[in-house]
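Structure first, commentary second.
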Amino acid sequence: DYSPFLGIEKGAVLQEARVFNDPQLDARRCSQVITKLLYLLNQGETFTKAEATGVFFAVTKLFQSRDIGLRRMVYLMIKEISPSADEVIIVTSSLMKDMNSRTDMYRANAIRVLCRITDGTLLTQIERYLKQAIVDKNPVVASAALVSGIHLLQTNPEIVKRWSNEVQEAVQSKAALVQFHALGLLHQIRQNDRLAVSKLVTSLTKGAVRSPLAQCLLIRYTSQVIRESGVNNQTGDRPFYDYLENCLRHKAEMVIFEAARAITELTNVTTRELTPAITVLQLFLSSSKPVLRFAAVRTLNKVAMTHPMAVTNCNIDMESLISDQNRSIATLAITTLLKTGNESSVDRLMKQITNFMSDIADEFKIVVVEAIRSLCLKFPLKYRSLMNFLSNILREEGGFEYKKAIVDSIVILIRDIPDAKEGGLLHLCEFIEDCEFTYLSTQILHFLGNEGPKTSDPSKYIRYIYNRVILENATVRASAVSTLAKFGAMVDSLKPRIFVLLRRCLFDNDDEVRDRATLYLNTLGDGSVAETDKEVKEFLFGPLDIPLKNMETSLKNYIQDPLEEPFDINSVPKEVKSQPLAEKKASGKKPTGLGAPPAAPASAADAYEKLLSSIPEFAAFGKLFKSSAPVELTEAETEYAVNVVKHIFDSHVVFQYNCTNTIPEQLLENVTVIVDASEAEEFSEVGTKPLRSLPYDTPAQTFVAFEKPEGVPAAGKFSNVLRFTVKEVDTSTGEPEDDGVEDEYQLEDFEVVAADYILKVGVSNFKNAWESMVPETERVDEYGLGPRESLAEAVNAVINLLGMQPCEGTEVVQSNSRSHTCLLSGVYIGNVKVLVRLSFGIDGAKEVAMKLAVRSEDVSVSDAIHEIVASG
Amino acid sequence: MATFLSREACPTIKNILLLDSEGKRVAVKYYSDDWPTNSAKLAFEKSVFTKTQKTNARTEAEITMLENNIIVYKFVQDLHFFVTGGDDENELILATVLQGFFDAVTLLLRNNVEQREALENLDLILLCLDEIVDGGIVLETDGNVIAGKVATHSIDDGAPLSEQTISQALATAREHLTRSLLR
Numbered sequence: 001d002y003s004p005f006l007g008i009e010k011g012a013v014l015q016e017a018r019v020f021n022d023p024q025l026d027a028r029r030c031s032q033v034i035t036k037l038l039y040l041l042n043q044g045e046t047f048t049k050a051e052a053t054g055v056f057f058a059v060t061k062l063f064q065s066r067d068i069g070l071r072r073m074v075y076l077m078i079k080e081i082s083p084s085a086d087e088v089i090i091v092t093s094s095l096m097k098d099m100n101s102r103t104d105m106y107r108a109n110a111i112r113v114l115c116r117i118t119d120g121t122l123l124t125q126i127e128r129y130l131k132q133a134i135v136d137k138n139p140v141v142a143s144a145a146l147v148s149g150i151h152l153l154q155t156n157p158e159i160v161k162r163w164s165n166e167v168q169e170a171v172q173s174k175a176a177l178v179q180f181h182a183l184g185l186l187h188q189i190r191q192n193d194r195l196a197v198s199k200l201v202t203s204l205t206k207g208a209v210r211s212p213l214a215q216c217l218l219i220r221y222t223s224q225v226i227r228e229s230g231v232n233n234q235t236g237d238r239p240f241y242d243y244l245e246n247c248l249r250h251k252a253e254m255v256i257f258e259a260a261r262a263i264t265e266l267t268n269v270t271t272r273e274l275t276p277a278i279t280v281l282q283l284f285l286s287s288s289k290p291v292l293r294f295a296a297v298r299t300l301n302k303v304a305m306t307h308p309m310a311v312t313n314c315n316i317d318m319e320s321l322i323s324d325q326n327r328s329i330a331t332l333a334i335t336t337l338l339k340t341g342n343e344s345s346v347d348r349l350m351k352q353i354t355n356f357m358s359d360i361a362d363e364f365k366i367v368v369v370e371a372i373r374s375l376c377l378k379f380p381l382k383y384r385s386l387m388n389f390l391s392n393i394l395r396e397e398g399g400f401e402y403k404k405a406i407v408d409s410i411v412i413l414i415r416d417i418p419d420a421k422e423g424g425l426l427h428l429c430e431f432i433e434d435c436e437f438t439y440l441s442t443q444i445l446h447f448l449g450n451e452g453p454k455t456s457d458p459s460k461y462i463r464y465i466y467n468r469v470i471l472e473n474a475t476v477r478a479s480a481v482s483t484l485a486k487f488g489a490m491v492d493s494l495k496p497r498i499f500v501l502l503r504r505c506l507f508d509n510d511d512e513v514r515d516r517a518t519l520y521l522n523t524l525g526d527g528s529v530a531e532t533d534k535e536v537k538e539f540l541f542g543p544l545d546i547p548l549k550n551m552e553t554s555l556k557n558y559i560q561d562p563l564e565e566p567f568d569i570n571s572v573p574k575e576v577k578s579q580p581l582a583e584k585k586a587s588g589k590k591p592t593g594l595g596a597p598p599a600a601p602a603s604a605a606d607a608y609e610k611l612l613s614s615i616p617e618f619a620a621f622g623k624l625f626k627s628s629a630p631v632e633l634t635e636a637e638t639e640y641a642v643n644v645v646k647h648i649f650d651s652h653v654v655f656q657y658n659c660t661n662t663i664p665e666q667l668l669e670n671v672t673v674i675v676d677a678s679e680a681e682e683f684s685e686v687g688t689k690p691l692r693s694l695p696y697d698t699p700a701q702t703f704v705a706f707e708k709p710e711g712v713p714a715a716g717k718f719s720n721v722l723r724f725t726v727k728e729v730d731t732s733t734g735e736p737e738d739d740g741v742e743d744e745y746q747l748e749d750f751e752v753v754a755a756d757y758i759l760k761v762g763v764s765n766f767k768n769a770w771e772s773m774v775p776e777t778e779r780v781d782e783y784g785l786g787p788r789e790s791l792a793e794a795v796n797a798v799i800n801l802l803g804m805q806p807c808e809g810t811e812v813v814q815s816n817s818r819s820h821t822c823l824l825s826g827v828y829i830g831n832v833k834v835l836v837r838l839s840f841g842i843d844g845a846k847e848v849a850m851k852l853a854v855r856s857e858d859v860s861v862s863d864a865i866h867e868i869v870a871s872g
Numbered sequence: 001m002a003t004f005l006s007r008e009a010c011p012t013i014k015n016i017l018l019l020d021s022e023g024k025r026v027a028v029k030y031y032s033d034d035w036p037t038n039s040a041k042l043a044f045e046k047s048v049f050t051k052t053q054k055t056n057a058r059t060e061a062e063i064t065m066l067e068n069n070i071i072v073y074k075f076v077q078d079l080h081f082f083v084t085g086g087d088d089e090n091e092l093i094l095a096t097v098l099q100g101f102f103d104a105v106t107l108l109l110r111n112n113v114e115q116r117e118a119l120e121n122l123d124l125i126l127l128c129l130d131e132i133v134d135g136g137i138v139l140e141t142d143g144n145v146i147a148g149k150v151a152t153h154s155i156d157d158g159a160p161l162s163e164q165t166i167s168q169a170l171a172t173a174r175e176h177l178t179r180s181l182l183r
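Chains A and B are the protein sequences, given in the same order.
Everything in the first sequence is counted per the UniProt record's numbering, starting at 1 for the first residue and increasing by one.
Everything in the second sequence is counted per the UniProt record's numbering, starting at 1 for the first residue and increasing by one.
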């Protein structure tokens, strides 16, 4: 292949760049060299700092040429090199000259280049010209200044905000794109001022917005205003809805689509509001343009999740899209149909999908499998045809992720649809006969061990499992041995035969396989070392109620610093460490520094434990049971920022007050918190640990300890006053004055509540854990929660009240659902495991009712949970 | 680089790619930090190319999704045009940008839309990219206007246009281009 850049080489091009220094510039030649340099950069070549500086200085010489084409290439080159601050100075004057040139093209480009490479100090010098440029009669110049303003707003907001008058004028421009850019900038300047945005939208939705792009922006801003203002309660009308609906009749497809999408995304959108949007999207479905079909089907797919009935009108168009050339469109159509389909259409749909599956990529297949899973859960009666479909595709070719999605789906169907269990298990058995993925084989074997023994004829699975011991790699063999042992332990009639099989495993050439076989034979056999059958099963197959992460940390610590005595599993903390919010925010925002709670590290609990045990007064309190999340006791941005962490011990509580002094002119000394516990009768104060000195912006702690009845979840309200000696500080020297004044600062109250006595400890399989609890400990009752904002809000309130760990993702409530079941697990003070099953229902008047079932290792704890809910 | 704010922000373009029939770069421009290194960029280009290679995007622009991005694309002879945006971007805006880019290149290459011609006029292609999007924000979507802005340069060789106004230059450019197209 011929290329004008064939054999191009960086060193040679850099040599060629010497022509930039010629006294008689050859503009055409110089342009060619710049093109070559840009080609190299575009291909991913990098210049060293010295090379870049060399090129930059040489390029600045080219401002002498009056050739317009060469100047364009110079602009491009400067932007690509992005010179350092001291280099920028070299070109500033040339660019400023161009900014004031009579040639519009020079002005527009010089603005863009200068704003790209400038820093704040230079910006104040050119601000005057930029403001003029915004209202320049040439649209290219105005747009250049406005777009540069949008970029500069990120780095120098205070300067750009001064341009609002000019920007406002530009919004009225007759040039389509100027209006678009001006609108974008104006909104960003005002985005934190709700009223201003609302006014902007009100005035523009009435007037004429010229370009489709500007119209799209206005639709976005309008949705924002709608979202923030809510529905008018008297008329049931939504402000600005008419504007959105009008946009559905715009001549540009871009605008129609933006408006349709905005309507479908309105919070609590009604069917009446949806209908016109769905109608235009339906028209798009039969467009000749793939982009339009894709956009429409993707939006309808989303709508189908919350309003399946609204989309059913499009089903015929959707079905014809199954054969669409573009497989993304076809997949979206299929999954939409699966969401909107009714029970009678399932079989027909499955037939169509079977043909479709063979010619799409794995990534699409996974989406389809997931859609089929939810369809099956929606129509459990149809499990037979859906399960058949899944087992068929399981037998076909496919990568790991795809196979995993199928296996996961079958497992979920088995768990949730009792009738599907036996058939489903056999499908899985057949799959592991010829499965190339070790991970899937072991997962299935584990699942088989839990579910298989509970079926009507457990013996029929043994063959499949023992085949694994003969045919597979060591990992799979080991997990097959465990599965065999589970059958032996649970099904007495199979026990002797299983033992024969296990004994054969004693000759396996892998250590782990042999060890497992030996362990099971010795514990389950007649000469068992343990006393009772129940204990053995608990030991071998019981759930590990410790988060693996904690176990790993503890073991690592133990290995680093081994002790005389063996590792004690009871020393591992059971609390699930929730990901601190700070971590998520960290990437986006800078920490606010002042008043912000000290960012809780992932191991907050460890840190607290270490901190408390280092204070001799508290060392005698024993093992720390739980530390709460910090509770703010001051408003944001006050003089002193204080929050409290509640540390719960068996018969004590310690309040840790984290204090920050936000006044540079002050030094606080002898800081204590005076706690009034008159509304917390069961608590009596046993000691405080004052804070000697609290300088500006250096967080520190003071503590107050209380005694309470042992093992009792005592509750109460505490009011607090911060007391300290304040000294003035000379900020220039940092020296405090000698004399101080005593002062007090009122803090907010806080409470110790029942949730403080419950640890968030998850279980991996709630159903198994629930069934393993003695049914006699179960306590069931029903409660009315009165009218609530939404079902999700009610569920959250109860979770927070109990302070327990939601299991299996049940804290998430499907929007628009009228009932929900939530599973919670935790450990109550005194190390008592407790499980909670909550069933919620909501009626038309938003009245929420709840059924609460509790099982625990101690009946009195089950009762205590009910008391918490009854009094909460 | 543009910062990607919420949905309320301006429509944002993450990159524009012009690849040849083997997936190699003719000219590319990235506006987002999603692909910080050259190897990350090359990997993205490779997966985009492989994913779209077998599709027919010669009459109408096609569309696909990759790594939470939406990509609209169009092929002509041995050139592959791509425009990428985030997965909540309005697909039709991306398609409009693609069309503008494609039309402008067609005009600038005088209908000889092929790799060799594109490389020989790489300066025009690069200027064209510069006139379509600035730091992720759409500057202009009309192919005629984009080509007009770029072409002020290509006809400059003999005549000193430096003091001409841009509208005059635009008019000359359009005329020049139309004439060359009609030939």
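Glycine residues also receive a C-beta, built at the ideal position from the N, C-alpha and C atoms.
Only a predicted model underlies this, so the values are computations on that prediction, with no experimental measurement involved.
Quick check: is the beta carbon of residue i nearer than 8 angstroms to any beta carbon in chain B?
i      : result
K199/A : no
L611/A : no
G184/A : yes
S571/A : no
C216/A : yes
P157/A : no
Taking the straight line between their C-alpha atoms, what separation do you get for residue i and residue j?
i      : j      : result
E228/A : S790/A : 18 angstroms
C164/A : I189/A : In the sequence on display, residue 164/A carries Ser and not Cys. Going from the Cα of S164/A to the Cα of I189/A covers about 8 angstroms.
S684/A : H652/A : 9 angstroms
S39/B  : V673/A : 57 angstroms
D20/B  : I70/B  : 20 angstroms
N557/A : N570/A : 15 angstroms
S587/A : R194/A : The predicted position of S587/A is uncertain, since its pLDDT is 38 and thus under 50; a value taken from the coordinates is nonetheless stated next. Cα to Cα, the separation comes out at about 26 angstroms.
Out of the options, point me to the one whose CA is closest to residue i's CA.
i      : options                           : result
V645/A : D362/A, A277/A and A705/A         : A705/A
G143/B : A27/B, K46/B and I125/B           : I125/B
K549/A : L177/A, L14/A and P573/A          : P573/A
I81/A  : D67/A, N100/A and E45/A           : E45/A
E735/A : V741/A, K727/A and E742/A         : K727/A
Q179/A : V197/A, A196/A, L217/A and L195/A : L217/A
A145/A : L185/A, V686/A and K767/A         : L185/A
Are any of the Cβ atoms in chain A nearer than 8 angstroms to that of residue i?
i      : result
A95/B  : yes
R110/B : no
- Message: For the structure I just gave you, are there three or more beta carbon pairs, one from the region 446 to 457 of chain A and one from the region 474 to 484 of chain A, closer than 8 angstroms?
- Response: yes
- Message: Can you confirm whether the region 245 to 254 of chain A touches the region 90 to 109 of chain B when touching is taken to mean that 3 or more C-beta pairs between the two stretches lie within less than 8 angstroms?
- Response: Result yes; three or more Cβ-Cβ pairs closer than 8 angstroms.
- Assess, as a yes-or-no matter, whether the region 287 to 298 of chain A is touched by the region 265 to 279 of chain A under the definition of 3 or more beta carbon pairs within less than 8 angstroms. no
- Message: Any C-beta of chain A within less than 7 angstroms: which residues of the region 113 to 140 of chain B qualify?
- Response: R116, L119, E120, L122, D123, L126, L127, D130, D134, G135, I137, V138, L139 and E140
- Message: When you compare the region 538 to 556 of chain A with the region 509 to 518 of chain A, are there three or more beta-carbon pairs, one atom per stretch, that lie closer than 8 angstroms?
- Response: no
- Query: Between the region 291 to 302 of chain A and chain B, which residues of the former have CB atoms less than 8 angstroms from a CB of the latter, in chain order?
  - Reply: Within the region 291 to 302 of chain A, the qualifying residues are V291, L292, F294, A295 and R298.
- the region 60 to 76 of chain A in contact with the region 33 to 40 of chain A per 3-pair CB rule at 8 angstroms: yes
- Query: Using a beta-carbon distance cut-off of less than 7 angstroms, what residues from the region 220 to 254 of chain A approach chain B?
  - Reply: R220, Y221, Q224, E253 and M254
- Query: Relative to chain A, which residues along the region 32 to 56 of chain B have a C-beta separation below 8 angstroms, given in chain order?
  - Reply: N38, K41, L42, T55 and N56
- Message: For the region 29 to 59 of chain A, list every residue whose C-beta sits within 7 angstroms of some C-beta in chain B, in sequence order.
- Response: S31, T35, L38, Y39, N42, Q43 and G44
- contact_flag[the region 514 to 523 of chain A, the region 489 to 504 of chain A] where n(CB pairs < 8 angstroms) is 3 or more: Enough Cβ pairs lie closer than 8 angstroms, so yes.
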